[in-house]
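Residue numbers (this note's numbering): -4 to 636.
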């Protein structure tokens, strides 16, 4: 899609023109398949790596433009957000030393990006979801200013007809609304490609579906979103919900998300997937000029199939069929989209080796996997892996129930070894990368487990913002050395570099776990809440959950000074004593601004509000705690000079 001059398909006539071009491309693809016009006899692999850019305080840095200009390398390109980058590896023939070549290329490009970032006071980080991301980073001002991204956002918003609603439940729970597709930019992936011959596509695609769950269980690296512990691979739920254009209706109707696992096995060819997607999903984007694919076919050249590729680029199957042209020949490949970025290059290549090895090994072992496994089991395995990682329970071939560890260690790793051997991959490469994966599974330390264990060890230390910064700093420090995740020691609070790396914005200091009351509730309730929880301020919300006031401890004391015997028979509502329209700040405000405002106005509590909704509180007690940490670290630093 990035190569095309796209626009929103909002005009009905333009939409019809695009649909005609899309159907024409589909007929051309069918003609090409019928006439065997695809490259065959060779299998290639490829990869795309997405990155986060962060500043010296480990927060997202909207620096893509500066980076791309300095890198001056066509292999690097933009992503949805200004704080993301992507680079593309060269395709490699599947066999020989392809895996070590892939590692060399990935590490070379990653180091190039990180070195370039370092020269500009930044860092490049590979991780599924950046721990230090805040919702305030996800406004439209953070979207890469390219027409195709805004066109996609406008088209999806138009179909959605309202805010995107997010609900993900793990150890913690994430419930939120957002007005754009920008939450999708929280995800970065390591996408791998596997080119197949046209007559093999159905068998290979079905195998890719069958192994998606166990491959992901071995690779999870995204357990956190905004500091909340959710799924082991939270990217799966977040991506599906971040671009879900389905409107909520009172009727029960089967409507698929644009991000999906699929609905059934493929029977014969990739045409089934393209036809289903055209039938199920409305056109979002169009282009101005359309090539006649049959003119190219009649001239003996492969057509670009621009319309088909554009529409396919707005459908996000976890295994996506991709049409491409290389060296003047058309080909089909399967794009695996479930693997998260990181934790290191060697871990990423180990994940790719597992996927590629199973693609080859499963075909050799089972042939047609659909004869041995139910589609619903494959889909259920996928969701179990996303939620629980190596703790998932799988239903495998023949209905056998196995833990993720049992299935991978006892069955799939030997099959992947065999598959790589059949493909002619060098013994040294097979042992290196599948050995890394085996040690990871045996130790139980995936990237997700490392993050969760690190957080558990830091429990009670610092603020949540400090812990997220420490995780991010530790990820960067360890992945620079390319040591696999199973060897990583837990992150420590001090790795973030002290207080200078946190507390810059009020959202890093605020308390997001607080009690509220409604303006119509009884004052007595507020007094008891303050006593029970040792708090001095309670925010007041209306029935739409908008902040309308604040009850302070002094307000309660003033009421009590009037005499309890005079008040005991009165049902005083909260609205009668609350501070109406209290001073507020937004989450992105600086901490210094909050301190100055509280001092100037002599207030002990400052509500933090976004879109009229209360998202946090900052009190004198919070600031005193931070001041103590800053003072202690400052004095310690001076004593060590």
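All C-beta atoms in this analysis are idealised placements derived from N, C-alpha and C, irrespective of residue type, glycine included.
Neighbour-count burial assignment, residue i, 16 or more Cβ in a 10 Å radius
i           : result
residue 6   : exposed
residue 437 : exposed
residue 617 : buried
residue 37  : exposed
residue 226 : buried
residue 146 : buried
residue 619 : exposed
residue 405 : exposed
residue 294 : exposed
residue 608 : exposed
residue 621 : buried
residue 245 : Because residue 245 carries a pLDDT of 43, less than 50, the predicted location of this residue cannot be relied on, and the following value inherits that uncertainty. So residue 245 counts as exposed.
residue 11  : exposed
residue 247 : The pLDDT assigned to residue 247 is 42, lower than 50, so where the model puts this residue is not dependable; a value taken from the coordinates is nonetheless given after this. The residue in question, residue 247, is exposed, as its Cβ has fewer than 16 Cβ neighbours within 10 Å.
residue 228 : buried
residue 298 : buried
residue 315 : buried
residue 593 : buried
residue 449 : buried
residue 289 : exposed
residue 611 : buried
residue 483 : buried
residue 527 : exposed
residue 249 : With a pLDDT of 47 at residue 249, under the threshold of 50, the modelled position of that residue is not reliable, and the figure given next carries that caveat. When all chains shown are included, residue 249 counts as exposed.
residue 603 : buried
residue 222 : buried
residue 322 : exposed
residue 641 : Here the chain comprises residues numbered -4 to 636, so residue 641 is not present and cannot be evaluated.
residue 422 : exposed
Which listed residue (the options) has its alpha carbon closest to that of residue i
i           : options               : result
residue 304 : 597, 605 and 14       : 14
residue 256 : 151, 289, 206 and 19  : 206
residue 55  : 43, 77, 35 and 66     : 77
residue 462 : 485, 475 and 440      : 485
residue 66  : 200, 26, 603 and 119  : 119
residue 335 : 110, 449, 233 and 185 : 185
residue 512 : 71, 526, 537 and 528  : 537
residue 312 : 332, 125 and 136      : 332
residue 355 : 339, 483 and 409      : 409
residue 143 : 129, 73 and 576       : 73
residue 544 : 588, 572 and 323      : 572
residue 490 : 592, 466 and 605      : 466
residue 51  : 259, 30, 115 and 35   : 115
residue 138 : 75, 279 and 107       : 75
residue 361 : 198, 189, 394 and 533 : 198
residue 266 : 600, 29 and 595       : 29
residue 44  : 342, 398 and 460      : 342
residue 606 : 211, 387, 174 and 280 : 174
Nearest-angstrom Cβ-Cβ length linking residue i and residue j, presumed shorter than 8 Å
i           : j           : result
residue 285 : residue 301 : 6 Å
residue 457 : residue 414 : With 8 Å as the limit, residue 457 and residue 414 do not qualify as a contact, their Cβ atoms being about 46 Å apart.
residue 180 : residue 283 : 27 Å between Cβ atoms; not a contact.
residue 411 : residue 329 : 16 Å between Cβ atoms; not a contact.
residue 480 : residue 445 : 6 Å
residue 501 : residue 522 : Not quite, the Cβ-Cβ distance comes to about 28 Å (not below 8 Å), so this is no contact.
residue 443 : residue 216 : 6 Å
Opposing strand residues paired with residue i [DSSP bridges]
i           : result
residue 312 : 255
residue 535 : 512 and 544
residue 42  : 187
residue 603 : 580 and 611
residue 124 : 182
residue 637 : Within the shown structure, residues of the chain are numbered from -4 to 636, placing residue 637 beyond reach of any answer.
Limits of the unbroken beta strand (DSSP E) element including residue i
i           : result
residue 101 : Counting along the chain, residue 101 falls outside any beta strand (DSSP E), though it belongs to the alpha helix (DSSP H) covering 93 to 113.
residue 173 : 168 to 173
residue 608 : 608 to 614
residue 119 : 118 to 120
residue 388 : 388 to 390
residue 397 : 396 to 398
residue 159 : 159 to 164
residue 336 : Careful: residue 336 lies outside any beta strand (DSSP E) and carries neither H nor E.
For residue i, the first and last residue of its enclosing alpha helix (DSSP H)
i           : result
residue 270 : 266 to 275
residue 517 : Per DSSP, residue 517 belongs to no alpha helix (DSSP H) and is neither H nor E.
residue 22  : 7 to 29
residue 647 : The requested residue 647 does not occur in the structure, where the chain is confined to residues -4 to 636.
residue 416 : 408 to 417
residue 471 : 459 to 474
residue 430 : 422 to 438
residue 356 : 340 to 361
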